[in-house]
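Each protein sequence line maps, in turn, to chains A and B. This note's numbering applies: residue 39 is where the first sequence begins, and numbers increase by one. This note's numbering applies: residue 39 is where the second sequence begins, and numbers increase by one. Even glycine gets a Cβ: it sits at the ideal position worked out from N, Cα and C. Everything numeric in this text was worked out from a predicted model, so none of it was measured.
Number of protein chains: 2
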Amino acid sequence: MTYTTGAAEDYLKTIYAHTEWQTDLITPSALAVRLGVAPSSVTEMVKKLAASGLITHVPYGPLALTDAGRLRATAVVRRHRLIETWLVGEMGYDWDEVHDEAEILEHSISDRLLEAINARLGFPAHDPHGDPIPAADGTVQRPAALLLADAEVSHSGTVLRISDRDPAVLRELAADLIGPGTQFTLAAPFTIVLADGQSRLVTPAAARSIWVTA
Amino acid sequence: MTYTTGAAEDYLKTIYAHTEWQTDLITPSALAVRLGVAPSSVTEMVKKLAASGLITHVPYGPLALTDAGRLRATAVVRRHRLIETWLVGEMGYDWDEVHDEAEILEHSISDRLLEAINARLGFPAHDPHGDPIPAADGTVQRPAALLLADAEVSHSGTVLRISDRDPAVLRELAADLIGPGTQFTLAAPFTIVLADGQSRLVTPAAARSIWVTA
DNA sequence: GCCAAACTTTCGGCAAACCGAAACCTCGCT
DNA sequence: AGCGAGGTTTCGGTTTGCCGAAAGTTTGGC
Chain A
39 MTYTTGAAED YLKTIYAHTE WQTDLITPSA LAVRLGVAPS SVTEMVKKLA
89 ASGLITHVPY GPLALTDAGR LRATAVVRRH RLIETWLVGE MGYDWDEVHD
139 EAEILEHSIS DRLLEAINAR LGFPAHDPHG DPIPAADGTV QRPAALLLAD
189 AEVSHSGTVL RISDRDPAVL RELAADLIGP GTQFTLAAPF TIVLADGQSR
239 LVTPAAARSI WVTA
Chain B
39 MTYTTGAAED YLKTIYAHTE WQTDLITPSA LAVRLGVAPS SVTEMVKKLA
89 ASGLITHVPY GPLALTDAGR LRATAVVRRH RLIETWLVGE MGYDWDEVHD
139 EAEILEHSIS DRLLEAINAR LGFPAHDPHG DPIPAADGTV QRPAALLLAD
189 AEVSHSGTVL RISDRDPAVL RELAADLIGP GTQFTLAAPF TIVLADGQSR
239 LVTPAAARSI WVTA
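As structure tokens, then:
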């Protein structure tokens, strides 16, 4: 069936998000934590999503999106990221303030309004955090990326994206003028040197939120 | 208590809308028809709204908003009309296309985003149909108005608002270049003469949708 | 190779909105 | 005054999404 309630969209989106920058599959309990619901609620929704052919699931095993599920998930992510881009680009929001608003609007905006926004923005490829905006057909352009916390000392590269999970990290980095496109060299663990020679100490939380070119 | 679900907002808005341009109170059955729900659903919601102090209701009697309910209702109407104004003013919608989108977004947009939109639009006083946009404190500036269908022949005036209930009427009037602000004289029933001397035959449905200065 | 911890599922329940059928008021008309 | 039509409410039931407690499964460590 169609089955496109807001709740189901949130489950699909979260399953998708888990594998966007890493490869392991998500477990029901991890999904429960991410969504802030009880494990039993996940079991229930998983049954519905599997019955609708949007995910695959063997009992007591992890979850994986089907092609149909991934298409549905990327559509939600597309809406979310276009809305975030619009809030920052046109409505005066800062990049640490857009998440909650987008979380709600992504479930109610029409395709038509979304495309009007997309056109106004000039069909952006990335949102303010550097995350790729999926195309309408579900295609996503995702560069090879590495967590800054996992990079070797002396690694040089460009910041690709900052996870928007933690607004405090976003504010910290905005104050340090670090964002997508920033070029750097890792001088020592948690210490980066920018193109202009200035060095910055990033917190461990930030190092685990910043993804850079490999 | 607070009780601000989307469903409750729709009930309050509809009760408010009924008395906006006329004075009689709405009955539960009329409310059911307007909302497209069964009468028994109305009874149930009416109990909750009355228990929350948002409406008054004596069994088997009509419904009336309390001050608290009216404030809640005008807040929804404000969101609806600002969204409509924005869709027409910035997003390329025509005035007959905005209702459904606004109907959904009015329940999910935040106060902050609404005010950002309001500021971009220059704090408009009316929506594209000529309906007054309530102020944030619930105040509404509503001029004395008369239905064109009820006006006497030779009545002269200005179009104040067009009900947005029927998109076909809106398209008909847009084609005839009739809208809020249009000056006219009623030459004969259903026949108006515009300021430039051109005359227009309006359909009975349109005459029951056009409100003019008294 | 077994067992307990950790994870997952099942089960009964709840709240919000909705429904249709049946019971119940009200009011106008005779 | 009484009666019936029409509007309103009650009642039992449905769906969606959530919960906690209890039962079931898996798996790592000994």
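List the residues of chain B whose Cβ lies closer than 7 Å to the Cβ of ALA154 (chain A), in chain order. Those within 7 Å of ALA154 (chain A) in chain B are MET129, GLY130.
Secondary structure, alpha helix (DSSP H): runs of 4+ residues fully inside the stretch 122-185 of chain B: If we require 4 residues or more, the alpha helix (DSSP H) runs fully inside the stretch 122-185 of chain B come out as 137-143, 149-159.
Compare the beta carbon distance of VAL231 (chain A) and THR241 (chain A) with 8 Å and say whether it is the shorter of the two. Going by C-beta atoms, VAL231 (chain A) is not nearer than 8 Å to THR241 (chain A).
Cβ closer than 8 Å: which chain B residues qualify as neighbours of GLU47 (chain A)? Among the residues of chain B, none has a CB under 8 Å from the CB of GLU47 (chain A); the nearest is roughly 13 Å distant.
What does LEU151 (chain A) reach in chain B if we use C-beta pairs closer than 7 Å? Taking a Cβ-Cβ threshold of 7 Å, the residues of chain B close to LEU151 (chain A) are MET129, GLU139, in chain order.
For LEU73 (chain B), the three-state DSSP class (helix, strand or coil): Looking at LEU73 (chain B) - three-state DSSP - the assignment turns out to be helix.
First and last residue of the uninterrupted beta strand (DSSP E) at THR251 (chain A): THR251 (chain A) -> beta strand (DSSP E) spans 248-251.
Whose CA, out of B:LYS86, B:ASP138, B:GLU153, B:LEU151, lies closest to the CA of ASP149 (chain A)? If you compare the alpha carbons of B:LYS86, B:ASP138, B:GLU153, B:LEU151 with that of ASP149 (chain A), the shortest gap goes to B:ASP138.
VAL80 (chain A): which of A:SER90, A:LEU69, A:ALA89, A:PRO218 sits nearest, CA to CA? When each option's Cα is compared against that of VAL80 (chain A), the closest is A:LEU69.
Evaluate the contact criterion for the stretch 157-166 of chain B versus the stretch 114-123 of chain B: three or more CB pairs, one atom per stretch, below 8 Å. As far as the Cβ criterion goes, the stretch 157-166 of chain B touches the stretch 114-123 of chain B, which means the pair count is three or higher.
So the alpha helix (DSSP H) GLY44 (chain A) belongs to, where does it begin and stop? For GLY44 (chain A), the enclosing alpha helix (DSSP H) covers residues 44-58.
In chain order, what residues of the same chain have a beta carbon less than 7 Å from the beta carbon of ARG119 (chain B), not counting five sequence neighbours either side? A distance below 7 Å between beta-carbons, with the five flanking residues on each side excluded, links ARG119 (chain B) to the following residues of its chain, in chain order: ASP165, ASP169, ILE171.
Less than 8 Å between the C-beta atoms of LEU151 (chain A) and MET129 (chain B), yes or no? Taking 8 Å as the cut-off, the Cβ atoms of LEU151 (chain A) and MET129 (chain B) count as close.
Length of the line joining the Cα atoms of THR112 (chain B) and ASP175 (chain B): Rounded to the nearest angstrom, the two C-alpha atoms are 9 Å apart.
Quick check on LEU143 (chain B) - is its C-beta less than 8 Å from some C-beta in chain A? Taking CB atoms only, LEU143 (chain B) has a neighbour in chain A less than 8 Å away.
State yes or no: is the beta carbon of SER201 (chain A) nearer than 8 Å to at least one beta carbon in chain B? Look at SER201 (chain A): its C-beta is not under 8 Å from any C-beta on chain B.
Distance between beta carbons of TRP249 (chain B) and LEU185 (chain B), contact taken as under 8 Å: About 6 Å separates the beta carbons of LEU185 (chain B) and TRP249 (chain B), which is inside the 8 Å limit, making them a contact pair.
Does any residue of chain A have a CB that is nearer than 8 Å to the CB of THR90 (chain B)? The amino acid occupying residue 90 (chain B) in the given sequence is Ser; Thr does not appear at that position. No, its Cβ sits nowhere closer than 8 Å to a Cβ of chain A.
Between B:ALA140, B:ARG116, B:SER201, which has its C-alpha nearest ALA173 (chain B)'s C-alpha? The shortest C-alpha to C-alpha distance from ALA173 (chain B) to any of B:ALA140, B:ARG116, B:SER201 is the one to B:ARG116.
Please list the partners that SER146 (chain A) has in chain B, where partner means a Cβ-to-Cβ separation under 8 Å. Neighbours of SER146 (chain A) in chain B, taken as residues whose beta carbon is under 8 Å from its own, are ILE142, LEU143, HIS145, SER146 in chain order.
What do you reckon, are the CB atoms on ALA187 (chain B) and ALA245 (chain B) nearer than 8 Å? Yes, the Cβ-Cβ distance between ALA187 (chain B) and ALA245 (chain B) is below 8 Å.
Residue range of the alpha helix (DSSP H) that VAL96 (chain A) falls in? Run containing VAL96 (chain A): none; DSSP gives neither H nor E here.
Skipping 5 residues on each side, what residues in its chain have a beta carbon closer than 6 Å to that of VAL178 (chain A)? Close CB contacts of VAL178 (chain A) within its chain, under the 6 Å cut and outside five residues either way in sequence, are with PRO170, PRO172 (chain order).
From the DSSP output, which residues share a beta bridge with ILE64 (chain B)? Paired residue(s): B:LEU101.
With DSSP as the reference, identify every bridge partner of THR223 (chain B), one or two as the case may be. Bridge pairing for THR223 (chain B): B:SER194, B:VAL231 [DSSP].
Give me the Cβ distance between ILE134 (chain B) and LEU63 (chain B), rounded to the nearest whole Å; I'm assuming they're in contact under 8 Å. Before going on, a small fix: residue 134 (chain B) reads as Asp here, not Ile. Rounded, the Cβ-Cβ distance is 30 Å, inconsistent with contact.
Can you give me the start and stop residues for the beta strand (DSSP E) that ARG238 (chain A) sits inside? Residue range 237-239 is occupied by the beta strand (DSSP E) that includes ARG238 (chain A).
Taking the alpha helix (DSSP H) that ARG209 (chain A) belongs to, which residues open and close that run? Here the alpha helix (DSSP H) through ARG209 (chain A) covers 205-213.
Integer-rounded CB distance, given that TYR49 (chain A) should sit under 8 Å from LEU73 (chain A): At roughly 7 Å, the Cβ-Cβ gap stays under 8 Å, so LEU73 (chain A) and TYR49 (chain A) are in contact.
Boundaries of the alpha helix (DSSP H) in which ALA244 (chain A) is found, first to last residue: From DSSP, the alpha helix (DSSP H) with ALA244 (chain A) extends over 242-245.
ASP204 (chain A) versus PRO97 (chain B) - alpha carbon distance: Rounded to whole angstroms, ASP204 (chain A) to PRO97 (chain B) spans 51 Å at the Cα level.
With a CB to CB cut of under 7 Å and the five nearest residues on each side skipped, what residues in its chain are close to THR94 (chain B)? Cβ within range, chain order: ALA88, ALA102, THR104.
Can you tell me the Cβ-Cβ gap for GLY217 (chain A) and ILE200 (chain A), rounded? I've got them flagged as a contact below 8 Å. The pair is a contact, with the Cβ atoms about 7 Å apart (cut-off 8 Å).
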